[in-house]
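Residue numbers (this note's numbering), protein chains in the order written: chain A, 147 to 419; chain B, 147 to 419.
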DNA sequence: AAACGCTGTTTCAAATATAAAACAGCTTGT
DNA sequence: ACAAGCTGTTTTATATTTGAAACAGCGTTT
């Protein structure tokens, strides 16, 4: 009786699942910005797990430092243990270290907040950020997830996928909308992506959110695959975004080069493979 | 047959432990900066868990997005799922949001890297960082753990503990040494802490690491307890650290005030309670 | 004040995950 | 070429975890 899909998932890897572990992790994922602290009964109801089992799982999570009791109430919040895990992850990804100085320079050159994001399934996840000094700063923080098909950043990464891969990511043809510009179907998305792929960048105003414009360009590694994307965001209307396309593309290609990508290698573009 | 203590642990909370969950989390904790990718057999040996069990646990972790297969090898590395968890944690802690601008200003005023850290058991954990622009920048990243008794930051936080609480944190009298200045015993540490508590700050050169000096001051919340500490680090000898004590203490007290701490409230100092 | 609902915690039979063993595939050495 | 060792994966009896039920404690309500 496996329930709703977790984060992402390699296709067909659900053969041997340890319920204790799976459910413990589901409990952790119940906590977020909106609901930073929760009690055991609440979680039991939400996940459909018996009270006594949730009780034991949460006690284990507390023992391991991933949950902590909030003061004298019987509620829990995320423990500091999860923080260490998260940052071991960041440290283990080469690209984040290399990206930092590049994003800083891009931020200084443009005056805009710049970000590096990677894709996880249907989501874009921000992993490095260089915040603009101006009052207008982006609200995204490291770890923020946004729908890939509805963001410029996501589009330049999705553009690398073959039709088959894209259908694997989006199993349903219908796509949730976030603005008038969000494509409604996978087919419509495909058309947009083909344009992005040809241009090698994407730029748009108010694509995901009203009043915010963005330019994004893809980052490739030695194999030629797109593994991340860089963007800047700006207040829509206030500037002509197009002016900065070159800067963003330059930053992305600088990073790609550091990751051993050689455009002239004769590596064929991924999509035509 | 419970094994070595995990991260931290509320005393005596090990009654109901779910083995599947505990071992899965132990597996995650095997991954760190030094060993970013590991195979199942290696982990099985290290944790003393049967191969077939580790196999299933890791498959579950992969399914949940906390581990991912590295390319075509049979090894795994941390997955992007842990990142989200870590940042939900940061977002859930009020103090980190408030600290950021204060650390930025402290960095600008002093030219040094400044940090906010909290204590988890015997460890100091860095949660916010404002990196100096100078070439000499600190090597600590968010999530870094250092031994509390051997760092200035840790000392100002430990100074808040009663004798009994301190003995609870350090069950053995002997303390590991990291430099000539590290106290060797809990009693010696207590003496140092009493001085720190009285001064309200701590400053030292080469206390944890050769060539690095640090000044730290405690951050209190509305209850008067020390919940975090702020520090700056500088190259030892190059500057007279003492010069910046006021700046650091000011930053710490600014943050305390934003956390509802009122020095004149008649709240008695914690240690004399 | 009794009854009700909601907890946190414990118990114990029943359902389940576990771990030894075995298999197949792959490298290594001799 | 063979054996020996290492893997990833699967099987299956056994040992364990699970979850319904029950207990005790609390606050409300009637």
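Even for Gly, the Cβ is constructed at its ideal location relative to N, Cα and C.
(request) Could you tell me the distance, in whole angstroms, from the CA atom of residue 324/A to the CA atom of residue 331/A? (result) Taking the first chain and counting its residues from 1, one reaches residue 324/A at position 178. Taking the first chain and counting its residues from 1, one reaches residue 331/A at position 185. Rounded to whole angstroms, residue 324/A to residue 331/A spans 13 Å at the Cα level.
(request) Could you name the residues of the segment 166-199 of chain A whose beta carbon sits closer than 7 Å to any beta carbon of chain B, in the order they occur along the chain? (result) 166, 167, 168, 170, 171, 174, 177, 178, 179 and 182
(message) Let me check understanding here. Comparing Cα to Cα, which of 321/A, 311/A, 274/A and 182/A lies closest to residue 295/A?
(response) Counting from 1 along the first chain, the entry for residue 295/A is found at position 149. The shortest Cα separation from residue 295/A among 321/A, 311/A, 274/A and 182/A belongs to 321/A.
(request) Report the rounded CA-to-CA distance for residue 162/A versus residue 401/B, giving the unit in angstroms. (result) On the first chain, residue 162/A is found 16 positions in, with the first residue counted as 1. On the second chain, residue 401/B is found 255 positions in, with the first residue counted as 1. Using only the alpha carbons, I get a separation of about 49 Å.
(message) Any beta carbon of chain A sitting closer than 8 Å to that of residue 259/B?
(response) Locating residue 259/B in the second chain gives position 113, where the first residue counts as 1. By this cut-off, residue 259/B is not an interface position.
(request) Can you say whether residue 377/A is buried or exposed, counting buried as having 16 or more other CB atoms within 10 angstroms of its CB? (result) For this step, residue 377/A is matched to residue 231 along the first chain. Counting Cβ neighbours within 10 Å, residue 377/A comes out buried, since at least 16 surround it.
(request) Identify the continuous beta strand (DSSP E) that holds residue 359/A and give its terminal residues. (result) Taking the first chain and counting its residues from 1, one reaches residue 359/A at position 213. That run of the beta strand (DSSP E) goes 358-366.
(request) Establish whether the CB of residue 266/A and some CB of chain B are separated by less than 8 Å. (result) For the purposes of this step, residue 266/A is taken as residue 120 along the first chain, with counting starting at 1. Yes, its Cβ sits closer than 8 Å to a Cβ of chain B.
(message) Can you confirm whether residue 263/B, when its beta carbon is compared against all beta carbons of chain A, has any partner nearer than 8 Å?
(response) The sequence position of residue 263/B within the second chain is 117, counting from 1. Closer than 8 Å: no.
(message) If you measure between the beta carbons of residue 360/B and residue 298/B, is that distance less than 8 Å?
(response) Numbered from its first residue, the second chain carries residue 360/B at position 214. Numbered from its first residue, the second chain carries residue 298/B at position 152. For residue 360/B and residue 298/B, yes; Cβs fall inside 8 Å.
(message) Starting from residue 247/B, trace the alpha helix (DSSP H) in both directions and tell me its first and last residue.
(response) Along the second chain, one-based indexing puts residue 247/B at 101. Segment 240-256, the alpha helix (DSSP H) holding residue 247/B.
(request) Count the other CB atoms, across all protein chains shown, that sit within 10 Å of the CB of residue 301/A; report buried if there are 16 or more and exposed otherwise. (result) Position 155 of the first chain, counting from 1, holds the residue named residue 301/A. Its Cβ being crowded by 16 or more others within 10 Å, residue 301/A is buried.
(request) Examine the Cβ distances between the segment 220-235 of chain B and the segment 170-177 of chain B and report whether three or more of them are shorter than 8 Å. (result) yes
(message) Is there a C-beta anywhere in chain B that falls below 8 Å from the one on residue 159/A?
(response) One-based indexing of the first chain puts residue 159/A at position 13. In this predicted model, residue 159/A has a pLDDT of only 45, less than 50, meaning its place in the structure is not dependable; the value taken from the coordinates is given anyway. Chain B contact via Cβ: present.
(message) To the nearest angstrom, how far is the alpha carbon of residue 244/B from that of residue 218/B?
(response) Position 98 of the second chain, counting from 1, holds the residue named residue 244/B. Position 72 of the second chain, counting from 1, holds the residue named residue 218/B. Between residue 244/B and residue 218/B, the C-alpha separation is close to 44 Å.
(request) Confirm, please, whether the CB-CB distance from residue 206/A to residue 168/B is below 8 Å. (result) To locate residue 168/B, count along the second chain from 1; it is residue 22. To locate residue 206/A, count along the first chain from 1; it is residue 60. Contact flag set, yes.
(request) Whole angstroms is fine: what's the gap from residue 362/B's alpha carbon to residue 308/B's? (result) Against the second chain, residue 362/B aligns to sequence position 216. Against the second chain, residue 308/B aligns to sequence position 162. Whole-angstrom Cα-Cα distance: 20 Å.
(message) Need the endpoints of the alpha helix (DSSP H) that residue 314/B sits in, please.
(response) Here residue 314/B refers to the residue found at position 168 of the second chain. Counting along the chain, the alpha helix (DSSP H) containing residue 314/B begins and ends at 309-315.
(request) Output yes if chain A places a C-beta closer than 8 Å to the C-beta of residue 234/B; else output no. (result) As a working note, residue 234/B is residue 88 in the second chain. At least one chain A Cβ lies under 8 Å of residue 234/B.
(message) Is it buried or exposed, residue 311/A, if we count other Cβ atoms within 10 angstroms and call 16 or more buried?
(response) Here residue 311/A refers to the residue found at position 165 when the first chain is read from its first residue. Counting Cβ neighbours within 10 Å, residue 311/A comes out exposed, since fewer than 16 surround it.
(request) Tell me whether the beta-carbon of residue 249/A lies closer than 8 Å to the beta-carbon of residue 269/A. (result) Residue 249/A sits at position 103 when you count from the first residue of the first chain. Residue 269/A sits at position 123 when you count from the first residue of the first chain. It is not a contact, given that the beta carbons lie outside the stated cut-off.
(request) Determine, using beta carbons only, whether residue 303/A and residue 375/A come nearer to each other than 8 Å. (result) Your numbering for residue 303/A matches position 157 in the first chain. Your numbering for residue 375/A matches position 229 in the first chain. The answer is yes: Cβ separation under 8 Å.
(request) Measure the CB-CB distance between residue 316/A and residue 368/A and report whether it falls below 8 Å. (result) The residue given as residue 316/A occupies position 170 in the first chain. The residue given as residue 368/A occupies position 222 in the first chain. No, they are not a contact pair.
(message) Which residue wins for smallest C-alpha separation from residue 237/A, given the options 287/B, 185/B and 370/B?
(response) Along the first chain, one-based indexing puts residue 237/A at 91. Ranking the options by Cα distance to residue 237/A, first place goes to 287/B.
(request) Reducing DSSP to helix, strand and coil, say where residue 263/A ends up. (result) Locating residue 263/A in the first chain gives position 117, counting from the first residue. Reduced to three states, the DSSP call for residue 263/A is strand.
(request) Compare the C-beta of residue 162/A with all C-beta atoms of chain B and state if any pair is closer than 8 Å. (result) What you label residue 162/A is simply residue 16 of the first chain in a count that begins at 1. Yes, contact with chain B.
(request) Compute the distance between the beta-carbons of residue 164/B and residue 257/A, then report whether it is under 8 Å. (result) Here the question's residue 164/B lines up with position 18 in the second chain. Here the question's residue 257/A lines up with position 111 in the first chain. The answer is no: Cβ separation not under 8 Å.
(request) May I have the straight-line CA-CA distance separating residue 404/B from residue 253/B, to the nearest angstrom? (result) Numbered from 1 along the second chain, position 258 holds the residue referred to as residue 404/B. Numbered from 1 along the second chain, position 107 holds the residue referred to as residue 253/B. For residue 404/B and residue 253/B, the distance between alpha carbons rounds to 19 Å.
(message) Please return the same chain residues whose Cβ sits closer than 8 Å to the Cβ of residue 419/A, not counting the five positions on each side in sequence.
(response) To locate residue 419/A, count along the first chain from 1; it is residue 273. Since pLDDT at residue 419/A reaches only 41, below the 50 mark, its modelled position is unreliable, and the value read off the structure follows with that caveat. Taken in chain order, the residues that qualify are 308.
(request) Answer with yes or no whether the minimum CB distance from residue 371/B to chain A is below 8 Å. (result) Along the second chain, one-based indexing puts residue 371/B at 225. With 8 Å as the cut-off, residue 371/B does not count as an interface residue toward chain A.
(message) Run through chain B and tell me which residues come within less than 8 Å of residue 376/A, C-beta to C-beta.
(response) For this step, residue 376/A is matched to residue 230 along the first chain. Correct list: empty, because the minimum Cβ distance to chain B is about 18 Å.
(request) Return the bridge partner residues of residue 377/B from the DSSP annotation. (result) The count along the second chain starts at 1 and reaches residue 377/B at position 231. DSSP, once it has assigned bridges, lists 261/B and 362/B as partnering residue 377/B.
(request) Would you please verify whether the beta carbon of residue 155/B is less than 8 Å from any beta carbon of chain A? (result) Locating residue 155/B in the second chain gives position 9, counting from the first residue. Any reading at residue 155/B must be qualified, since the residue scores a pLDDT of 33, below 50, and its modelled position is unreliable; no value is offered.
(request) Report yes if the CB atom of residue 342/A is closer than 8 Å to the CB atom of residue 334/A, and no otherwise. (result) Here the question's residue 342/A lines up with position 196 in the first chain. Here the question's residue 334/A lines up with position 188 in the first chain. Going by C-beta atoms, residue 342/A is not nearer than 8 Å to residue 334/A.
(request) Would you verify that the beta carbon of residue 212/B is, or is not, closer than 8 Å to some beta carbon of chain A? (result) Within the second chain, numbered from 1, the residue matching residue 212/B stands at position 66. Chain A contact via Cβ: present.
(message) Less than 8 Å between CB atoms is the rule here; does residue 289/B satisfy it with respect to chain A?
(response) Taking the first residue of the second chain as position 1, residue 289/B is located at position 143. At least one chain A Cβ lies under 8 Å of residue 289/B.
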